[in-house]
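Colleague: Please see the structure below; I have some questions.
Numbering (this note's numbering), first residue to last: 2 to 275.
As structure tokens, this is what we get:
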């Protein structure tokens with residue numbers, strides 16, 4: 002299935018005169034029903050490529066457009082999405098998670114620049130998680146990004162998944178780029194380590210947020226993690242470190258230069274949207 006998408010991938014990366022340095026091919030991979038398709042849908046909405054979120058349950062997502070997928074409410078085929086963000090072009094490869102279709106994930110990772118591994122906050126590491134991690138290691142990925150999806154669900158776990166599951170299972174150090182402060186139903190706040198700020202999201206599903214200064218006990222933790230991040234970047238890539246200080250926006254420096262950098266895998270948490 003992925004082979005049939007490659008001409009489209011080439012066409013998309015040729016649009017708007019993008020250069021190789023600001024093109025990113027991102028593979029959304031993970032166990033079934035971890036939320037990959039809706040994460041891709043949210044990426045499209047936040048980047049302005051669609052004006053409203055679709056729904057897996059209603060069969061209205063950009064990715065699951067085959068009737069069989071809409072009827073069954075899960076992905077069967079690999080789909081290609083695209084978005085523009087911070088002057089970069091992202092080709093997003095949404096893959097099915099059921100083990101019957103796990104070969105789709107391997108094929109996607111073979112052509113991707115970044116492995117974005119989705120883990121559900123109440124399920125933790127599952128068979129599909131381990132398989133896609135193996136594939137990412139097979140293809141020699143540098144940093145991978147793990148997204149803990151469903152932070153707003155009952156019994157959501159963030160820190161346990163980071164410390165007891167991911168690090169214990171894969172023997173890697175994962176660096177948190179944001180830290181949920183109120184996981185569980187009603188979750189809408191996170192500490193942003195890169196920007197050293199607290200993000201409070203609107204509860205209307207718009208993706209909009211207010212950014213404020215971190216105060217209290219969280220301020221010290223964020224400051225320490227931010228310093229560690231700078232040190233890790235300095236150890237691995239002098240050019241990226243210069244971008245970090247000169248770009249004016251830490252987000253822009255990482256979006257432009259994080260490809261191929263030998264720093265720990267990133268760890269993040271998001272809402273679960275059906």
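Built from N, CA and C at the ideal position, the CB exists for glycine as well.
Let me confirm a value: residue 37 is counted as buried when at least 16 other C-beta atoms fall within 10 Å, else exposed. Which label applies?
Modeller: By the neighbour-count rule (16 or more Cβ atoms within 10 Å), residue 37 is buried.
Colleague: Thinking residue 32 and residue 128 are a contact (beta carbons under 8 angstroms), I'd like their distance in whole angstroms, please.
Modeller: Contact holds; Cβ gap of about 7 angstroms.
Colleague: Can you confirm whether the stretch 71-81 touches the stretch 183-195 when touching is taken to mean that 3 or more C-beta pairs between the two stretches lie within less than 8 angstroms?
Modeller: No, the stretch 183-195 is not in contact with the stretch 71-81.
Colleague: Where residue 1 and residue 219 are concerned, what is the direct C-alpha to C-alpha distance, given to the nearest angstrom?
Modeller: Residue 1 lies beyond the stretch modelled for the chain, which goes from 2 to 275, so this question has no answer here.
Colleague: Could you check which residue in 206, 62 and 130 has the C-alpha nearest to that of residue 170?
Modeller: Residue 170 has its Cα closest to that of 130, out of 206, 62 and 130.
Colleague: Leaving out the 5 sequence neighbours to the left and right, which residues in its chain are closer than 7 angstroms to residue 140 when beta-carbon positions are compared?
Modeller: Here the set comprises 110 and 111.
Colleague: Over the uninterrupted alpha helix (DSSP H) stretch that includes residue 128, give me the two end residues.
Modeller: Here the alpha helix (DSSP H) through residue 128 covers 128-139.
Colleague: Measuring straight from C-alpha to C-alpha, what distance separates residue 250 and residue 46?
Modeller: Interpretation of residue 250 is limited by its pLDDT of 49, a score under 50 that renders its predicted location unreliable; the figure taken from the coordinates is listed afterwards. Roughly 22 angstroms between the two C-alpha positions.
Colleague: Is the beta carbon of residue 160 less than 8 angstroms from the beta carbon of residue 122?
Modeller: No, they are not a contact pair.
Colleague: Is DSSP giving residue 88 helix, strand or coil here?
Modeller: Residue 88 falls in the coil class under three-state DSSP.
Colleague: Does DSSP classify residue 112 as helix, strand or coil?
Modeller: Of the three classes helix, strand and coil, the one that applies to residue 112 here is helix, per DSSP.
Colleague: Exposed or buried, residue 155, counting other C-beta atoms within 10 Å across all chains shown (16 or more means buried)?
Modeller: Residue 155 is exposed by the Cβ-count criterion.
Colleague: How would you call residue 96, buried or exposed, if buried means at least 16 neighbouring beta carbons within 10 angstroms?
Modeller: Buried.
Colleague: Please go through the stretch 58-87 and give each complete beta strand (DSSP E) segment of 3 or more residues, from N-terminal end onward.
Modeller: The qualifying runs are 80-86.
Colleague: State the DSSP-derived secondary structure class of residue 124, mapped to helix, strand or coil.
Modeller: Coil.
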